[in-house]
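Below: the structure, in structure tokens.
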Amino acid sequence: MSVGHYQRHPDLRLTALEGEGVVLHLKERRYFTVNETGLVLLEALKEPKSVAELVQALLSEYEVTEESARQTTEAFLAQCLEAAVVLERPA
Amino acid sequence: MTSVASLPQGLESNDAELAALVSAWLGGSRIPLPEGFRLVLEVTEEIPSIEDPRTAYSQSSVDIRAGAPLGWVHLQWRSLPAMARVEEDRPVAKVFLSRAAIADPELLFQTFLLLVLIFLWRRAGRFHLHAGTAVDPNGRGWLLAGPSESGKSTTIALLAARGWRVGTDDIAFLTGANGRAAVLGFHSPIALRPGGHQLLASHVGDGIALRRRNKTGFFAEDLRGGWLPSVEPDVVLFTELGSERTRLEPLPPAAIMRSLLQWSPWVLFEPTASQEHLDLLSRLGRQARCYRAQLAPDLFEAPRALLDFLP
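Here it is as structure tokens:
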């Protein structure tokens, strides 16, 4: 995972329903669901964030180890980058 | 372009007869016109042709383009010469209509102007939902969303004939009211196919012939229940036609949102008001018990049995 910053695609819209996140991708006119952790990360990614800042966002919400939060963050980011849901920004 | 004193504020046309018909249609819907509403109808044989690089989405013979890079919504009627431009952030539209396009006002309203209205209302915080609404004798609001021929209108007409109050059987607009999701009903006849009409016939008269749609219409107030301008749903049914007995199955959150998005799809279509629209769908999903409902002949014989499914 690079040391740059990340930001969610500007055409995403998010909402939550009973612990599930619903994400619309307006540009592609499709939607998908994410779990609660994914929703926390995507909400944090409204502004550009580094991996370290995203890990902190998870640590402030959940009682997990830093290592576990980092693994979750990196795995989620990798999926989102591949799907063009999150974009890499210059640091 | 003239503005006639008796027309609602914001409605203008260079054709007085068309203006009066559209005024009656809007007034008949009983949905109040929003602040800042402006609808200009120009009858002309020179329909503007606009280079629009956006991909068209087609519905009911209308090509619709929205979003970046132009922002405004571009509607082009493929069947007859007509186009409309709805401004990006305001409930303002200019519509260009040929004489051929206004020759059949019912077709014009149902096919083209209804879509213009859907995009105008989005800009006033009212989001189209393909659904029917009613309120049961205990005061609970019901919303039935589903495809054509899934039993929505028949169920709603039968419930109205048994004293339930009805908002709409088909054209609904989701909005916010006091922290809750509410649904405005477009006042129009509940439109029944021959089978549904037959089921209702023992309760009411002949109804209104809706020839173009091969249906018979009944206003809710002509049935026993009456009409309501707004319903706050406590129960949502996503309907499909069942073959034997009526069944209701509670839905998990992801399926609720998937179904709400299916019956309110403009949320995915353009950035304008999309977050507000999505938040309202989510609020509706939280405030109501949501079920997948297979509606079968046993319900049409005893529609009040719907109440027995609730805890």
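Going down the list, the protein sequences come from chains Y and H. Numbering-wise (our numbering), the first sequence opens with residue 11 and increments by one. Numbering-wise (our numbering), the second sequence opens with residue 188 and increments by one. Cβ coordinates follow ideal geometry from the N, Cα and C atoms, glycine included. A quick note: this is a predicted structure, and the numbers were derived from the prediction, not measured.
Looking at the C-beta of residue i, does it have a partner C-beta in chain H at a distance below 7 Å?
i     : result
Y/E28 : yes
Y/V36 : The displayed chain sequence assigns Leu, not Val, to residue 36 of chain Y. By this cut-off, Y/L36 is an interface position.
Y/Y16 : no
Y/T83 : no
Y/T43 : yes
Y/V33 : no
Y/T25 : yes
Y/R99 : no
Y/R80 : no
List the whole-angstrom C-beta distance separating residue i from residue j, where the pair is believed to meet the contact cut-off of C-beta under 8 Å.
i      : j      : result
H/A253 : H/F299 : H/A253 to H/F299, Cβ: 16 Å. No contact.
H/G333 : H/T426 : 3 Å
H/G372 : H/P416 : 7 Å
H/A369 : H/V418 : 7 Å
H/A483 : H/G429 : 4 Å
What residues are listed by DSSP as bridge partners for residue i?
i      : result
H/L361 : H/F314 and H/V370
H/K281 : H/V227 and H/R272
Y/V44  : Y/G31
H/P437 : H/Y478
H/R265 : The partner list for H/R265 (beta bridge, DSSP) is empty, contrary to what the question assumes.
H/G258 : H/G254
Y/L68  : According to DSSP, which records beta bridges pairwise, Y/L68 is partnered with nothing at all.
H/W414 : H/V353
H/E427 : H/Q481
H/L397 : H/K402
H/W450 : Paired residue(s): none; H/W450 is not in a bridge.
H/Q246 : H/V249
Y/L24  : Y/V33
H/G383 : The partner list for H/G383 (beta bridge, DSSP) is empty, contrary to what the question assumes.
H/T320 : H/L330 and H/T355
H/S337 : In DSSP, H/S337 forms no bridge with anything.
H/P420 : H/G328
H/L198 : H/L226
Y/L98  : According to the sequence as given, residue 98 of chain Y is Glu; it is not Leu. DSSP output for Y/E98 lists Y/Y16 as bridge partner(s).
H/A378 : H/G404
With a threshold of 6 Å (Cβ to nearest heavy atom), would residue i be considered close to the ligand NAD?
i      : result
H/H317 : You won't find the ligand NAD in this model; it holds no ligand whatsoever.
So, does the CB of residue i fall closer than 7 Å to a CB anywhere in chain Y?
i      : result
H/P440 : yes
H/D250 : no
H/S469 : yes
H/S461 : yes
H/G258 : no
H/G472 : yes
H/D466 : yes
H/P458 : yes
H/L455 : yes
H/L448 : yes
H/M444 : yes
- Task: Answer yes if the segment 62 to 72 of chain Y comes into contact with the segment 23 to 36 of chain Y, meaning at least three C-beta pairs across the two stretches below 8 Å, and no otherwise.
- Result: Under the Cβ criterion (8 Å, minimum of three pairs), the segment 23 to 36 of chain Y does not count as touching the segment 62 to 72 of chain Y.
- Would you call the segment 484 to 495 of chain H and the segment 441 to 460 of chain H in contact, with 3 or more CB pairs under 8 Å? No, the segment 484 to 495 of chain H is not in contact with the segment 441 to 460 of chain H.
- Message: Whether or not the segment 240 to 253 of chain H and the segment 308 to 328 of chain H are in contact is what I'm after, with contact meaning three or more pairs of Cβ atoms, one per stretch, closer than 8 Å; do they touch?
- Response: No, the segment 308 to 328 of chain H is not in contact with the segment 240 to 253 of chain H.
- Task: Examine the Cβ distances between the segment 397 to 413 of chain H and the segment 380 to 389 of chain H and report whether three or more of them are shorter than 8 Å.
- Result: Contact holds between the segment 397 to 413 of chain H and the segment 380 to 389 of chain H, because three or more Cβ pairs, one in each stretch, are under 8 Å apart.
- Message: Check whether the segment 193 to 212 of chain H and the segment 283 to 296 of chain H are in contact - that is, three or more C-beta pairs closer than 8 Å.
- Response: They touch, by the three-pair rule.
- Quick one: which unbroken alpha helix (DSSP H) runs of 4-plus residues sit fully inside the segment 52 to 96 of chain Y? Chain order, please. Correct list: 61 to 71 and 76 to 92.
- Three or more C-beta pairs below 8 Å linking the segment 270 to 289 of chain H and the segment 225 to 242 of chain H: Taking 8 Å as the limit for Cβ pairs, the verdict is that the segment 225 to 242 of chain H does touch the segment 270 to 289 of chain H.
- Task: Decide yes or no for the touch test of the segment 70 to 80 of chain Y against the segment 27 to 44 of chain Y: beta carbon pairs closer than 8 Å, at least 3 of them.
- Result: Contact annotation: the segment 70 to 80 of chain Y does not touch the segment 27 to 44 of chain Y, with fewer than three C-beta pairs closer than 8 Å.
- Is there contact here, the segment 428 to 448 of chain H with the segment 476 to 483 of chain H, by at least three beta-carbon pairs under 8 Å? Put simply, the segment 428 to 448 of chain H touches the segment 476 to 483 of chain H. At least three CB pairs are less than 8 Å apart.
- Query: Is the segment 217 to 229 of chain H close to the segment 271 to 279 of chain H, with three or more CB pairs under 8 Å?
  - Reply: The segment 217 to 229 of chain H vs the segment 271 to 279 of chain H: in contact.
- Query: Is the segment 336 to 355 of chain H touching the segment 442 to 452 of chain H in the sense that three or more CB pairs, one from each, lie closer than 8 Å?
  - Reply: Segments in contact, no.
- Query: Three or more C-beta pairs closer than 8 Å, one from the segment 39 to 58 of chain Y and one from the segment 83 to 90 of chain Y: is that the case here?
  - Reply: Yes: at least three Cβ pairs fall under 8 Å.
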